[in-house]
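First the structure, in the form of structure tokens, and then the observations on it.
Numbering (the numbering used here), first residue to last: 436 to 637.
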């Protein structure tokens with residue numbers, strides 16, 4: 436069984452990840468560098484327009500693109516599952532898990548990413564913001580779907596094959612569109628999450 440999730444906009448690079456666990460280099464660093472090079476050509480004003488974010492956030496992300504380094508290490512990066520801090524990661528509560536549990540997650544969980552393509556939980560990442568739905572023109576097309584679809588799918592298939600051919604899709608539609616589902620050979624399970632409010636489930 437392999438599960439996939441989305442990344443998070445909120446990041447935590449203030450608190451260090453546990454040092455006793457191994458770290459890994461992202462699989463698609465070459466492609467990440469290509470996207471960084473494109474993003475470095477954008478002004479903060481262009482970033483604000485492209486990402487629909489404030490001028491302050493645009494300035495922050497322009498600085499992040501400028502500071503990003505191809506070589507990832509414990510001095511400039513952090514394991515992805517500890518760096519992301521959105522709702523999904525609050526629910527995962529990685530800090531509460533044992534080392535063996537985290538290593539299990541490393542084998543059975545993947546994170547889709549606009550900058551890194553596909554991450555394992557212990558892959559190192561540097562601070563960034565680049566959502567998969569961003570219409571960033573690149574040599575492969577008009578957006579990140581064109582950039583990533585043919586790249587992510589074969590590597591995801593390999594991970595699925597290593598986990599008995601079952602994929603649990605917990606990613607948002609925005610991120611899952613980066614996967615060419617029709618090319619996957621897998622039993623795909625997509626849970627439906629509903630809320631029970633005043634005896635009404637929806």
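Yeah, the Cβ is synthetic: ideal placement off N, Cα and C, and Gly gets one too.
Quick one: grab the DSSP three-state call for residue 533. Here residue 533 sits in coil by DSSP.
Using 8 Å as the threshold, is the C-beta distance between residue 507 and residue 460 below it? Closer than 8 Å, so yes.
Any heavy atom of the ligand MN closer than 7 Å to the CB of residue 599? The ligand MN is not part of this structure, which contains no ligands at all.
First and last residue of the beta strand (DSSP E) that includes residue 467? DSSP places residue 467 in no beta strand (DSSP E) but in the uninterrupted alpha helix (DSSP H) bounded by 464 to 474.
Reduced DSSP secondary structure (H/G/I, E/B, other) of residue 488: DSSP places residue 488 in coil when its eight states are reduced to three.
Please give the ranges of any alpha helix (DSSP H) in the segment 551 to 601, keeping only runs that are unbroken, at least 4 residues long and fully inside the region. For the segment 551 to 601, the continuous alpha helix (DSSP H) assignments of 4+ residues that do not extend past its boundaries occur at 579 to 597, in sequence order.
Output the boundary residues of the alpha helix (DSSP H) element that contains residue 515. 515 to 518 is the extent of the alpha helix (DSSP H) around residue 515.
Under three-state DSSP, which class holds residue 459? Reduced to three states, the DSSP call for residue 459 is strand.
When you compare only the Cα positions, how much space is there between residue 498 and residue 630? Between the alpha carbons of residue 498 and residue 630 lies a distance of about 40 Å.
Our contact map puts residue 439 next to residue 599 with C-beta atoms below 8 Å; I'd like the distance itself, whole angstroms only. Between residue 439 and residue 599 the beta-carbon gap is near 15 Å, outside 8 Å, which marks them as no contact.
In three-state terms, what does DSSP make of residue 506? Coil, per DSSP.
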